[in-house]
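First to last, the sequence lines map onto chains A and B.
Heads up, the first sequence is in my numbering, so the first residue is 2 and it goes up one at a time.
Heads up, the second sequence is in my numbering, so the first residue is 2 and it goes up one at a time.
For glycine and all other residues, C-beta sits at the position ideal for the given N, C-alpha and C.
2 protein chains.
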Amino acid sequence: MPLTERFTTLLKNHGLKKTPARLRVLEILTKSSQAIAYSEIEHQMKAVADRVTLYRLLISFEEQGLIHKTFDHQGTAKYALCQANCDIHTHHDEHVHFNCTQCNGTFCLDTVILPAISLPKGYSASSYQFAITGICKNCRG
Amino acid sequence: MPLTERFTTLLKNHGLKKTPARLRVLEILTKSSQAIAYSEIEHQMKAVADRVTLYRLLISFEEQGLIHKTFDHQGTAKYALCQANCDIHTHHDEHVHFNCTQCNGTFCLDTVILPAISLPKGYSASSYQFAITGICKNCRG
DNA sequence: GTTGCAAATGCAACAATATTGCATTTACGT
DNA sequence: ACGTAAATGCAATATTGTTGCATTTGCAAC
């Protein structure tokens with residue numbers, strides 16, 4: 002299925018209207034091998050949409066389960082497409098992230114298995130954020 | 002050992018001068034059962050120190066291994082005292098954090114054992130950030 | 001105790017990041 | 001083609017973090 006068609010379906014399935022800005026963001030995220038910071042998306046969106054539009058767009062994408070948002074080792078928000086069929090009700094992003102201190106890249110490590118963790122009594126978990134900081138594959142070259 | 006004396010030693014051991022602002026921050030962090038956001042510390046520091054001083058103070062505390070800094074589920078920076086004998090060379094903070102979505106509290110779960118994780122080839126880890134988001138003990142009560 | 005100096009602080013200005021209100025435009029079902 | 005709710009753009013504002021520089025302070029050496 003061609004990209005644009007896939008995006009159209011994706012947006013429709015999540016009750017979102019198809020707009021140039023949204024298609025562009027989906028394209029950017031799809032073509033990236035890693036999670037992208039807001040500033041980077043904005044940079045690539047030049048002339049396509051206003052800053053505010055981008056903020057609001059990302060918020061609704063996240064609410065609707067199209068993308069997930071993580072924070073790297075410096076607290077910078079990074080966005081990536083959800084792999085599975087997330088939606089507004091079941092929005093899970095249970096995989097390990099790797100943050101590179103050299104290139105500042107954030108990678109989703111889908112192959113790493115999440116260990117089970119038992120919480121102390123009284124606490125109830127709704128989601129997990131596991132991140133590893135270090136040097137990535139590329140930067141070690 | 003009384004608090005003030007302990008703080009004095011702590012600062013001296015890390016090559017930091019003893020100042021009212023620093024003593025106050027140590028006191029605030031010591032008396033808190035959870036990690037504290039910058040804004041909260043600033044609020045409790047009213048009239049004791051300038052915003053900028055607080056920022057710089059926290060940075061040097063972190064560099065010298067007196068405190069550690071984490072980001073909660075909303076990307077807010079939170080600070081807490083280091084438990085062990087961290088210093089500028091060996092600064093480790095390998096425990097699980099719990100972020101409550103109701104009170105926005107961040108707790109260090111020292112009792113939870115960190116699982117071992119094996120990275121894909123090519124990646125090398127220097128630190129780990131494991132966080133669990135949910136409802137904390139107090140908010141369930 | 002006095003002195004000297006690096007460290008720490010305060011202030012002002014600035015930079016970066018995120019949010020809100022509101023008028024206008026656009027997508028899309030009917 | 002039309003009507004409406006959703007989406008956008010713009011301006012203003014809020015929040016958060018940083019930089020430069022003059023002044024003050026802690027503390028070690030004398």
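Simplified DSSP state of B/Q143, which is helix, strand or coil: It is not possible to answer for residue 143 of chain B, since the shown part of chain B is limited to 2 through 142.
Local Cβ density within 10 Å of A/T5, reported as buried at 16 or more and exposed below that: exposed
The alpha helix (DSSP H) enclosing B/K138, as first and last residue numbers: K138 to R141
A/N14, enclosing alpha helix (DSSP H) - first and last residue: L4 to N14
Continuous beta strand (DSSP E) stretch holding A/Y56: start and end: That residue, A/Y56, is in no beta strand (DSSP E); its alpha helix (DSSP H) goes R52 to E64.
Test item: CB-CB of B/Y129 and A/K138 under 9 Å: no
A/A81 burial status per 10 Å Cβ neighbour count (16 or more: buried): buried
Chain A contacts from the stretch 46–69 of chain B (Cβ-Cβ distance under 7 Å): none
Supposed contact pair B/Q65 and B/H96 - C-beta distance, whole angstroms, cut 8 Å: With 8 Å as the limit, B/H96 and B/Q65 do not qualify as a contact, their Cβ atoms being about 20 Å apart.
For B/T107, the three-state DSSP class (helix, strand or coil): strand
Top-ranked residue by Cα proximity to A/C109, from A/H98, A/D51, A/T71 and A/L115: A/H98
Paired residues, beta bridge with B/I68 - DSSP: B/L82
Chain-ordered chain B contacts of A/Y124 [CB-CB under 9 Å]: F99, C101, F108, L110, I133, G135, I136, C137, K138 and R141
Opposing strand residues paired with B/I37 [DSSP bridges]: B/Y80
Local Cβ density within 10 Å of B/A132, reported as buried at 16 or more and exposed below that: buried
Which listed residue (A/I114, A/I68, A/I136 and A/L17) has its alpha carbon closest to that of A/S33: A/I68
Straight-line Cα distance separating B/D73 from B/M46: 22 Å
Counted within 10 angstroms of its Cβ, other Cβ atoms place B/C104 as buried (16 or more) or exposed: exposed
is_contact[A/A117, chain B] using C-beta, thresh 9 Å: yes
Length of the line joining the Cα atoms of B/G135 and B/Q35: 15 Å
Cβ-based neighbour list, A/A126, same chain, cut-off 7 Å, excluding 5 preceding and 5 following: L120
Chain A contact residues for B/P121, given Cβ-Cβ distances below 8 Å: L110, T112, V113 and K138
Reference B/A38; option with closest CA among B/K79, B/L58, B/P21 and B/E28: B/K79
Spatial distance of B/C101 from B/Q75 (CA atoms): 11 Å
Nonlocal neighbours in the same chain, by C-beta distance under 6 Å from B/A50, ignoring five residues either side: A22
Cβ-based neighbour list, A/T54, same chain, cut-off 7 Å, excluding 5 preceding and 5 following: A22
Residue range of the alpha helix (DSSP H) that includes B/V26: P21 to K32
Nonlocal neighbours in the same chain, by C-beta distance under 8 Å from B/V113, ignoring five residues either side: H96 and V97
Proximal residues of chain A, C-beta to C-beta of B/F8 below 7 Å: Residues of chain A passing the Cβ test: none, with the nearest at roughly 27 Å.
CA nearest to the CA of B/E63, picked from B/Q84, B/A48 and B/P116: B/Q84
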